[in-house]
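Peer 1: Per this note's numbering, residue 829 is the first one in the sequence shown, and the count goes up by one each step. For each residue, glycine too, the CB sits at the ideal point set by N, CA and C. Take a look at the following structure, please.
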Amino acid sequence: MSDLDQISKLLAARFNRAGEHGRIVFWKDEKNEYVNDVEGLVGPSATLPELQDVELIPLNHNPFSARYRMLVERPDGKFLVYLAQEEIKDAKDDWLLDLELAYGPVFTSDRSAMIATQLVPDASPDTRAAWLDVIRHCPAFFEAKSRTDALAARLTATDDAQVFQAKMIAVLLKLKNDRHSLQDIWRELLTRYADGDTSGIETIERMGLDEFHWIGTSRIYHYETAPGVSPSVKDFMLWLFRLAWKGFVSGTSGTDTYANIRRDFESWRNERNFEQTFKELSGIAADELDIGDEIMHMDIDELQDRDVFRAVDEALVHRMYERLSTCSLSMEQTERIIAVRRTSLWYEEYRKEYQAIEAACRLRYELSEASEAIDAIATPEQGFELYRDRLYRVDQAYRHVVAAWRQTEYDVPAIKDDLERAYTVFQRSLGQAWQKQLDSMESWSIPGVLAQTEFYHRQVEPRIANGKKLAVIISDALRYEVAEEFSRTMAAENRYSTELEAWCGVLPSYTQLGMAALLPHSTLSFDPANHYGVLADGRSTSGTDNRNAILSEHDGRAILYRDFMELDRNQARDLVKSCSVLYIYHNSIDETGDAAVSERNTFDACESAIADLVKAVKKLANANVSNMIVTADHGFLYQDHAVNDMEWLSEQPQGDAVWELHNRFVIGSNLQPKPAFLTLSAEQLGMTPTGEQDAGLIAQFPNSILRLRKPGSGVRYVHGGAALQEIVVPVVHINKGRSAEGDARPVEFNLLPKTDRITTGQLTVELVQDEPVEGRTLPRIVFVGLWGGDTLISNETPVALDMTSHQIAERHVTATLVLTSEADAYNGSTVEVRVRERIKGTGQMKTLGKKSVYTLRRGLSFDDGFDFL
């Protein structure tokens, strides 16, 4: 568009105004640029229809005649009063001044003035004058029409010169239209700097906006350079990270001084889309500032609350390992540190290390709790219940330790060996205490404890009789402690409820007998043709086909887990419809542990089993099964070290015949009783002899956790014996509800305000977690901040609510909020502490219903500098 076209368009806009304001326009051409063109801009020869009925008051026109013409002769006509340079300078008595003021503002052909007018036509003269100063100071910006148009799209008629310049920078940096605060500007500059891109600040300098930018940064953030050093993005970045490392307190300055930059820094740190940039900047700053040297001399207590540099987590993990090696790291301290670190930027990178340390502390804690309890076992029933209620946690903690430490990059053999020795002592101590109770038993039954052989009669038959569908998942070697974790995992799923029971497994505790015990039967007996096999009412129970045949007589079906999972939804529903009870056989743990080449992966198989069982339960629910049971045939013993001589049984079984010899049991004929064995006859085991060939059938079990040598078999993972880990069998009842009542949910919490006034620049907010995190009550991370209306007037700090203690006094946490300069606008008004939470799977936040209302009464004002930012 040519200058004349642009002027025509602007004049047309002026004459299109309603009423008198669109009738007369004064044009002062101070540079005489359009003396020869003005006659063609208005009147019949005008290019725009809006200007064709406009009459030009010509040069050197008598002012009195002009007044008469405009006010008397043509009171409804439109006029352009054109004043050239000489007329403007020579005018001593301006007889048209009153009209100029009445019909203003004066039209000008000065390019800068035209731009100021064109940006927002309805802006006030004072606002336009302020913009004009900026336009003349930064002419390069307006050389490109695209930049000018982009700026016009952002401006409002009330923007002052500071907002005007901030929006100019926003245009240069291509920020979103609603973004122009100093926080937004610096976010973009830092993002570019992390990528090695300095074009942002260079463009700001080239357009003449650098002075405005650095003055604003100094006034709002209190950024200062060292003497002789010019401000730069790199210097600002290093200043910022050093300030954050010092807790936003520098020298004698208080925290209030840096409240604005603290808020913005924490906002950047907590923003998911800025995370990678923040990490890169932190890495650069750590190297430049030699942070590693400072961290070397800091202990756990100094490090645990810091979250600026990756080296903090590195050092913290190292310090915790050191204390772990000297047994000077308590469970309470570990949980507290990890709870704090969980909100840190680098937690995920060190999560495996923290998990390993926490697991190790948990194992030590459980071991210490278990020692006295073991000594108090006085009856078989008491021993069984003690393991069911408490001691299983030791085996669970040990499994977590082994699994976690295999994933860590740290190699601390001294700690591992110490934990392994401690766990072995526990196994032996428990095994010996339990052996005393075994030796007192005349037959294999424990008073008050349900026997695995009663499973079908007590759990399946009554449900079928009542017309209810039931699915039973039998996971081979699903130890009680693994089942307990599965039960908690399943209960955390929406609309599922679980209940865990412990039943007494069969002896020997091996697959063939355990699987047979779960089928419908009146009697169980060892197969005389193969004493490893088991008969139910004289029928073979080996393999899915034989089990399916037995179940089919009771309106039941049997299927392997892998075959069931391959069914589509309709096929699964058809299978469920075809029977009253469905048995699904799953084998992950036993399949892995029973093979010498893979037994060290037993605990990995436990994790896989939990995941498999969750999938199976959900698939059954989708097939319209609402009642399910997950159980096992037996448990197992496992130790993650090579078996030493003390753990082998030196005795060997003797008798008329040894039919089956395994690591943890022997079946034979007339085996000789020995102190090293628990010896039970078929009748004492609850087995029914099948004839003369079973006369004198005896089963023997090595005492405690000792193993028998069997060439070619694994020895870390064993089962078949009478240890509690082998015979405490889980029965997990699962129900899929139709309503959302009882769904898994984030833990509840409340704010505990101690006052209703804020009189200083800092506020400590206390939160109490209403309940422990367990079962369906899930942990959460929330963000706490102080708000005035829709404005955040403090930093917003993350708080982890993941405490598991049942003591409410141990479930309190605090957040420190430092007020920013924006808070001064709310002095004497009410403000709110609000709690926000990230929407799962997004970077967006939602405000929760928790809030505390305060009256802000501060005696000092903030020096906020540029309010618009």
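Over what stretch of residues does the alpha helix (DSSP H) that includes ARG1428 continue unbroken?
Peer 2: Indexing the sequence shown from 1 puts residue 1428 at position 600. First-last for ARG1428: undefined, no H or E at that position.
Peer 1: Using 10 angstroms around the beta-carbon of SER1303, count the other beta-carbons present and answer buried if the total reaches 16, otherwise exposed.
Peer 2: The sequence position of residue 1303 within the sequence shown is 475, counting from 1. With 16 or more Cβ atoms within 10 Å of its Cβ, SER1303 is classed as buried.
Peer 1: So what does LYS1564 bridge to, in DSSP terms?
Peer 2: Within the sequence shown, residue 1564 is the residue found at index 736, counting from 1. DSSP output for LYS1564 lists TYR1324 as bridge partner(s).
Peer 1: Can you tell me whether DSSP reads ASN1450 as helix, strand or coil?
Peer 2: On the sequence shown, residue 1450 is found 622 positions in, with the first residue counted as 1. Here ASN1450 sits in helix by DSSP.
Peer 1: If I follow the unbroken beta strand (DSSP E) through TRP1615, where does it start and stop?
Peer 2: For the purposes of this step, residue 1615 is taken as residue 787 along the sequence shown, with counting starting at 1. Looking at the DSSP string, the run of the beta strand (DSSP E) that includes TRP1615 is 1608-1616.
Peer 1: Please report the distance separating the alpha-carbon of PRO949 from that of GLU867.
Peer 2: The count along the sequence shown starts at 1 and reaches residue 949 at position 121. The count along the sequence shown starts at 1 and reaches residue 867 at position 39. Between PRO949 and GLU867, the C-alpha separation is close to 25 Å.
Peer 1: Applying the 10 Å Cβ sphere with the 16-neighbour rule, what's the burial state of ASN890?
Peer 2: Numbered from its first residue, the sequence shown carries residue 890 at position 62. Exposed is the call here.
Peer 1: Would you call the segment 857-864 and the segment 919-934 touching, i.e. three or more CB-CB distances under 8 Å?
Peer 2: no
Peer 1: So what's ALA919 in DSSP terms, helix, strand or just coil?
Peer 2: Along the sequence shown, one-based indexing puts residue 919 at 91. Because the pLDDT of ALA919 is 49, which lies under 50, any placement of that residue in the model is unreliable, and the question is left without a value.
Peer 1: Is LYS995 buried or exposed, if buried means 16 or more other CB atoms sit within 10 Å of its CB?
Peer 2: As a working note, residue 995 is residue 167 in the sequence shown. LYS995 should be labelled buried.
Peer 1: Which of helix, strand or coil does DSSP assign to CYS1189?
Peer 2: In the sequence shown, the residue the question calls residue 1189 occupies position 361. Residue state, collapsed to three classes: helix.
Peer 1: Are the beta-carbon atoms belonging to ASP1412 and ALA1444 less than 8 Å from one another?
Peer 2: Residue 1412 sits at position 584 when you count from the first residue of the sequence shown. Residue 1444 sits at position 616 when you count from the first residue of the sequence shown. For the record, residue 1412 in the displayed sequence is Ile; it is not Asp. Against a cut-off of 8 Å, the Cβ pair of ALA1444 and ILE1412 comes out as a contact.
Peer 1: In angstroms with no decimal places, state the Cα-to-Cα distance between MET1252 and ILE1533.
Peer 2: The count along the sequence shown starts at 1 and reaches residue 1252 at position 424. The count along the sequence shown starts at 1 and reaches residue 1533 at position 705. First, the amino acid is wrong: residue 1252 is Thr here, not Met. Roughly 10 Å between the two C-alpha positions.
Peer 1: Do you know how far the Cα of VAL1661 is from the Cα of THR1459?
Peer 2: Taking the first residue of the sequence shown as position 1, residue 1459 is located at position 631. Taking the first residue of the sequence shown as position 1, residue 1661 is located at position 833. Taking the straight line from one Cα to the other gives about 49 Å.
Peer 1: Could you work out which residue in HIS1041, MET1126, SER1058, LEU1335 is closest to GLN1512 when comparing CA atoms only?
Peer 2: In the sequence shown, counting from the first residue as 1, residue 1512 sits at position 684. Nearest of HIS1041, MET1126, SER1058, LEU1335 to GLN1512, Cα basis: LEU1335.
Peer 1: Can you have a look at ASP1630 and say buried or exposed, based on whether 16 or more other CB atoms are within 10 angstroms of its CB?
Peer 2: Position 802 of the sequence shown, counting from 1, holds the residue named residue 1630. By the 10 Å Cβ count, ASP1630 comes out buried.
Peer 1: For MET1065, which residues from the same chain have a beta carbon less than 7 Å from its beta carbon, with the 5 sequence-adjacent residues on both sides left out?
Peer 2: If you number the sequence shown from 1, residue 1065 lands on position 237. Around MET1065: LEU1018, TYR1021, LEU1109, ALA1113.
Peer 1: Using C-beta distances below 6 Å, list every residue in its chain close to ARG1138, excluding the 5 sequence neighbours before and after it, in chain order.
Peer 2: Position 310 of the sequence shown, counted from the start, is the residue given in the question as residue 1138. Around ARG1138: TRP1174.
Peer 1: Which same chain residues, not among the five before or five after ARG1585, have their C-beta less than 7 Å away from its C-beta?
Peer 2: Translated into the one-based positions of the sequence shown, residue 1585 becomes position 757. TYR1682, THR1683, ARG1685.
Peer 1: Tell me whether the beta-carbon of TRP1272 lies closer than 8 Å to the beta-carbon of LEU1508.
Peer 2: Within the sequence shown, numbered from 1, the residue matching residue 1272 stands at position 444. Within the sequence shown, numbered from 1, the residue matching residue 1508 stands at position 680. Taking 8 Å as the Cβ cut-off, TRP1272 and LEU1508 qualify as a contacting pair.
Peer 1: On the premise that ALA941 lies in contact with LEU960, defined as a C-beta separation below 8 Å, what is that separation, rounded to the nearest angstrom?
Peer 2: Counting from 1 along the sequence shown, the entry for residue 960 is found at position 132. Counting from 1 along the sequence shown, the entry for residue 941 is found at position 113. So it is a contact: roughly 6 Å between Cβ atoms.
Peer 1: In its own chain, which residues sit with a C-beta less than 6 Å from the C-beta of TYR1654, not counting the 5 before and 5 after it?
Peer 2: Within the sequence shown, residue 1654 is the residue found at index 826, counting from 1. Same-chain partners within the cutoff: GLY1616, LEU1684.
Peer 1: Using only CA atoms, which one of SER974, ALA951, LEU947, SER952 lies nearest to ILE963?
Peer 2: Taking the sequence shown and counting its residues from 1, the one referred to as residue 963 is at position 135. Comparing Cα positions, the closest option is LEU947.
Peer 1: Figure out for me which residue from GLU1576, TYR1182, SER1649 has the closest Cα to the Cα of HIS1050.
Peer 2: By 1-based counting over the sequence shown, the position of residue 1050 is 222. It is SER1649.
Peer 1: Would you decide whether MET1148 is buried or exposed? Buried here means 16 or more other CB atoms lie within 10 Å of its CB.
Peer 2: Within the sequence shown, numbered from 1, the residue matching residue 1148 stands at position 320. It counts as buried.
Peer 1: Between the alpha carbons of ALA1345 and ALA1330, how many angstroms are there, rounded?
Peer 2: Here residue 1345 corresponds to residue number 517 of the sequence shown, with the count starting at 1. Here residue 1330 corresponds to residue number 502 of the sequence shown, with the count starting at 1. So the two alpha carbons sit approximately 15 Å from each other.
Peer 1: Assign SER1497 to one of three DSSP states: helix, strand, or coil.
Peer 2: As a position in the sequence shown, residue 1497 is number 669, starting the count at 1. In the structure shown, SER1497 sits in a strand (DSSP, three-state: E or B).
Peer 1: Check for me: the beta strand (DSSP E) holding TYR1411 runs from which residue to which?
Peer 2: Locating residue 1411 in the sequence shown gives position 583, where the first residue counts as 1. Start and end: 1409-1414.
Peer 1: At what residues does the alpha helix (DSSP H) containing TYR1049 begin and finish?
Peer 2: The sequence position of residue 1049 within the sequence shown is 221, counting from 1. Run containing TYR1049: 1038-1049, per the alpha helix (DSSP H) assignment.
Peer 1: Just checking my contact of ALA1206 with PHE1254 at CB under 8 Å: how many whole Å lie between their CB atoms?
Peer 2: In the sequence shown, residue 1206 corresponds to position 378, counting from 1. In the sequence shown, residue 1254 corresponds to position 426, counting from 1. 19 Å between Cβ atoms; not a contact.
Peer 1: Specify whether the segment 1177-1188 and the segment 1144-1158 touch according to this definition: at least 3 beta carbon pairs, one from each stretch, less than 8 Å apart.
Peer 2: Yes: at least three Cβ pairs fall under 8 Å.
Peer 1: Between the C-alpha atoms of LYS1678 and ARG1604, what's the straight-line distance to the nearest angstrom?
Peer 2: In the sequence shown, counting from the first residue as 1, residue 1678 sits at position 850. In the sequence shown, counting from the first residue as 1, residue 1604 sits at position 776. Cα-Cα distance, rounded: 21 Å.
Peer 1: So, helix, strand or coil for TYR1178, using DSSP?
Peer 2: The residue given as residue 1178 occupies position 350 in the sequence shown. Helix.
Peer 1: Since ARG1535 and VAL1471 are thought to touch, with beta carbons under 8 Å apart, how far apart are those beta carbons, to the nearest angstrom?
Peer 2: Residue mapping note: residue 1535 aligns to position 707 of the sequence shown, counting from 1. Residue mapping note: residue 1471 aligns to position 643 of the sequence shown, counting from 1. Confirmed, Cβ separation roughly 6 Å.
Peer 1: CA-CA distance, ARG1639 and GLU1209?
Peer 2: Taking the first residue of the sequence shown as position 1, residue 1639 is located at position 811. Taking the first residue of the sequence shown as position 1, residue 1209 is located at position 381. Straight-line Cα distance between these residues: approximately 36 Å.
Peer 1: Starting from PRO778, trace the alpha helix (DSSP H) in both directions and tell me its first and last residue.
Peer 2: Because the chain is modelled from 829 through 1697, residue 778 falls outside the range shown and cannot be assessed.
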